Structure formats: C-alpha cells, structure tokens
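Read through the structure below, which is laid out as structure tokens, and then see the notes.
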Amino acid sequence: MTERRHHDMGGLEAGLVDREDHGKAPWEKRVDALMVLLGKRKLLAVDELRRGIEELGADAYDRYGYYERWMASMTNILLEKKVIEVSELGARMAEIEAGARRELP
Amino acid sequence: MSGHESPGGHDHGHPHGHGHGEDPTHRHPPQPDLEDTPLARHQLMQMAVTSLLIEKGVFSAGEMRAQIEHMDTLGPARGAELVARAWVDDGFRERLVADSKSAAAELGMDLGPIPILVMENTPETHHLVVCTLCSCYPRFLLGLPPDWYKSRSYRSRAVREPRAVLAEFGTEIAPDTDLRVHDSTADMRYLVLPMRPAGTDGMSEAELAKLVTRDTLIGVTMPRAG
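Protein chains in written order, with our numbering: chain A, 28 to 132; chain B, -16 to 209.
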C-alpha cells in the first residue's frame, strides 16, 4: 500500500471552512502573473508547478502560504531547466535586498 | 525527490534593510520581528526571478503589467453567461453539457486546451467541485479561485463530508438527493450548471446571468431569484 503524501489530503479530517476571502497582495498577483507568462512561453506547465510544490516537503508545504509555495516551486523548476542559474539568482536577490536594484514592473 | 534548497537564501540572523511592501524603493526601518518571515524571502525571490527573466527577454515588464491588469478584470462573468444562455435555450444547454468547448465557441469564447466538463444539477442530483491535490479551477470562466477553495479544510472535507461542508455555506441538500463531488486535476476542470431558480420566468438573459455567482458555479450554493 502506498503511503499518502502530504499534499494528498482529500478525505482527511479538518476544521471548518473559513469562507472569508482575504484578497491578494500585489506581490502575490505578480507571482500569479509570472506563472501565466511562463506558461505562455512553454517554460512551465501547471503540472510541473504542482510537482514542484509537492517536492517542497511537508514542512515547507505547511509553513508556506499559497503563493510562497508557487514561488518556491517555480524558482526550483527554472533552476532545474537552467532558465536561470543559482549564482545569478543569489546575486540578484542580494542586490535587490541591498537596495542596489529597484526596477520592478 | 529532488527539490533544491531554496536558492539565494541566507542566514536570517540580522535585520534586513528592505521593506516588506511592494515597492523596493520604499524602505522601512528594520523590523526584526517581521523581517525573517518566509514571506519576505519569497517576495525577494519573486522580484529577483522577474528581474532576471525580463533581462533575458523571456517577457517584458509591459507584458507583466498587462497580465496583472488582466487578472484584476477576471471574474465569473463568462461562466454566468454560459449558464444564463443554457437556462433560456435548451438546445444550447444540451450542447454545453455534451461539449463545453464547442458550445462556448458559439458565444465567442475559447475555453483553451484543458477540457472543462459541465455538470448539470437536477432535482435528483447536485454537483460539487473540489481540487483535493491543489487548486485546479476553470479560471477563464470563474476568475481566480477563492481562498477557501485552496484551503486544507475544503480540500480535505469536500470529498469526506460534502453535506456538512455545504451546510457551512448555508446550503442544505435533501438526504435523497444524489450528491456528486468532482475532483479537478491539471488536465480536467469542472463547471457546475445550477438549476434555474423559481420565480425567474420573466427575466432576460442578462438579468439571469446576474443570479449566477461564482459559488453557484462551484456548487457550494444555489442561485436564488432576487
């Protein structure tokens, strides 16, 4: 018998459904837009996105918010496919964090 | 399992200079109690990845802005339009249930490559849609999924105790009504075709479309007249 993976939660017990919608922060919209554009460019498909989310592991899956999971998965897959390199990503994150780069659509 | 370590990560032992907001030019004073959340790191990752992809010519900053603006216009209007037409035109209703892609094309809509199955509610059968594995959803027809659709509670319980979940939405399904729950995937999406409510005989198609809300198209509620 195969063990159930952490994302495979259909049929488990859980609490009441919180029906309130919390809206999307601007950065979350950017993550969503990024996914749509990468899909259009055939660089990332929805099933790949989900595979990447499932591979984050149970701890990250539960700790991250919805679009945090998306962003982590998308980044990992873009690295896997060598669309971006880990060194340039690290450098760009450091530059943005240091305030050296400011452009943003 | 592959799974890279999160790239570009660093020790989170120091206060950062950047803000959590959306504009990286807007700098807050360090807030150590908020700085080290994963949220901030993923926002940074989003900015860096977007910046690199624009630099590499994968897409332009203008395309990114246009996509965000487009997203803000999405909602259940197209889904409602299909349902209202089905309510006034039996032939269309049958075609919509048989083959949603070609029926939607009659109204000038391109449903895209992923099949969308239209599940028709009847007095005997009520349909409910979930994506237990993630959040697959007919975005073109309904807009972006609501938070609850993506929640652990809904994903877990919709297939276990759907009547209890529906009751939380204020929807009572008679015990002798057949309740069918459909689990969406990346390759198969669902749209519920709700029953036309009583008391709507004189209504125009446009008026009917206004009764068709997002939640009625997922199956958690039923449309009501007025």
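Note that beta-carbon positions come from the ideal geometry of N, C-alpha and C, so glycine has one too.
Values in this document were obtained by computation on a predicted structure and should not be read as measured data.
Determine the closest residue to residue i out of the options, with distance taken between C-alpha atoms.
i       : options                               : result
D170(B) : L100(B), G40(B) and F42(B)            : L100(B)
S216(B) : H49(A), V44(A), E30(A) and L61(A)     : Any question about residue 216(B) goes unanswered here, given that chain B covers just -16 to 209.
D130(B) : S118(B), L124(B) and A141(B)          : S118(B)
P106(B) : L162(B), V41(B) and R24(B)            : L162(B)
R166(B) : L57(B), S187(B), Y137(B) and L194(B)  : The amino acid at residue 166(B) is misidentified as Arg; the sequence shows Asp. The shortest Cα separation from D166(B) among L57(B), S187(B), Y137(B) and L194(B) belongs to Y137(B).
Q26(B)  : E40(A), V63(A) and W97(A)             : W97(A)
N104(B) : E144(B), F152(B) and V164(B)          : V164(B)
L147(B) : L111(B), L127(B), A192(B) and M186(B) : Per the sequence shown, residue 147(B) should be read as Ala rather than Leu. Measuring from the Cα of A147(B), the nearest candidate turns out to be L111(B).
W54(A)  : K109(A), H33(A) and G92(A)            : G92(A)
V226(B) : E188(B), F123(B), P98(B) and R135(B)  : The question about residue 226(B) has no answer here: the residues shown for chain B are numbered -16 through 209.
V110(A) : T29(A), E81(A), L71(A) and I80(A)     : L71(A)
L43(A)  : S139(B), T168(B) and P96(B)           : S139(B)
S100(A) : H33(A), G37(A), L76(A) and L116(A)    : L76(A)
Look up residue i in the DSSP assignment and say whether it is helix, strand or coil.
i       : result
T115(B) : coil
Y173(B) : strand
V203(B) : coil
M102(B) : strand
R122(B) : helix
E143(B) : Note that residue 143(B) is Arg in the sequence shown here, rather than Glu. Coil at R143(B), not helix or strand.
P15(B)  : Residue confidence is low: P15(B) scores 40 on pLDDT, short of 50, so the model does not pin down where it sits. No coordinate-derived value is stated.
H49(A)  : coil
A208(B) : coil
D198(B) : helix
D130(B) : helix
H25(B)  : helix
D59(A)  : helix
V44(A)  : coil
R179(B) : coil
T168(B) : strand
T108(B) : strand
R96(A)  : helix
If you measure from the CB of residue i, is any heavy atom of the ligand ADP nearer than 7 angstroms?
i      : result
L71(A) : By its list of ligands, the structure shown contains no ligand whatsoever, and the ligand ADP lies outside what it can speak to.
What are the uninterrupted segments assigned as alpha helix (DSSP H) that are 4 or more residues long and contained completely in the region 63 to 94 of chain A, given in chain order? Runs of the alpha helix (DSSP H) lying entirely within the region 63 to 94 of chain A and spanning at least 4 residues, in chain order: 73 to 81 and 85 to 90.
Taking contact to mean 3 or more Cβ pairs, one atom from each stretch, closer than 8 angstroms, check whether the region 65 to 82 of chain B and the region 159 to 177 of chain B are in contact. Yes: the two stretches touch, three or more of their Cβ pairs being nearer than 8 angstroms.
Touching by the beta-carbon criterion (3+ pairs, under 8 angstroms), the region 106 to 122 of chain A and the region 29 to 46 of chain B: Taking a cut-off of 8 angstroms on C-beta distances, the region 106 to 122 of chain A touches the region 29 to 46 of chain B, as three or more cross pairs fall below it.
Determine which residues of the region 93 to 106 of chain A have a Cβ less than 8 angstroms from any Cβ of chain B, and write them out in chain order. Hits within the stretch, in order: Y93, Y94, E95, M98, A99, M101, T102, N103, L105 and L106.
Just to confirm the assignment: which complete alpha helix (DSSP H) runs, minimum length 4, are found wholly within the region 48 to 106 of chain B? Within the region 48 to 106 of chain B, complete alpha helix (DSSP H) segments of at least 4 residues are found at 60 to 71, 73 to 81 and 83 to 89, given in chain order.
Counting Cβ pairs closer than 8 angstroms, one from the region 190 to 197 of chain B and one from the region 55 to 64 of chain B, do we hit at least three? Yes: the two stretches touch, three or more of their Cβ pairs being nearer than 8 angstroms.
Quick one, which residues of the region 81 to 114 of chain B are near chain A if we go by CB-CB under 7 angstroms, in chain order? Residues passing the 7 angstroms Cβ filter: none.
Does the pairing of the region 82 to 94 of chain A with the region 37 to 49 of chain A give three or more beta-carbon distances under 8 angstroms? With the cut-off at 8 angstroms, the region 82 to 94 of chain A and the region 37 to 49 of chain A do not touch.
Between the region 89 to 96 of chain B and the region 90 to 110 of chain A, are three or more C-beta pairs nearer than 8 angstroms? Fewer than three beta-carbon pairs drawn from the region 89 to 96 of chain B and the region 90 to 110 of chain A are found closer than 8 angstroms, and the two stretches are therefore not classed as touching.
Within 8 angstroms, do at least three Cβ pairs link the region 64 to 73 of chain B to the region 43 to 54 of chain B? Verdict: no, contact absent.
Quick one, which residues of the region 133 to 144 of chain B are near chain A if we go by CB-CB under 7 angstroms, in chain order? Cβ contacts with chain A: K133, S134, R135, S136, Y137, R138, S139, R140, V142 and R143.
For the region 62 to 82 of chain B, list every residue whose C-beta sits within 9 angstroms of some C-beta in chain A, in sequence order. Result list empty, no residue passes.
Please identify, using Cβ separations under 8 angstroms, the residues of the region 31 to 56 of chain A that lie next to chain B, in order along the chain. Listed by position, the residues of the region 31 to 56 of chain A near chain B (Cβ gap below 8 angstroms) are H34, D35, M36, G37, G38, L39, E40, A41, G42, L43, V44, D45, R46, E47, D48, H49, K51, A52, P53, W54 and K56.
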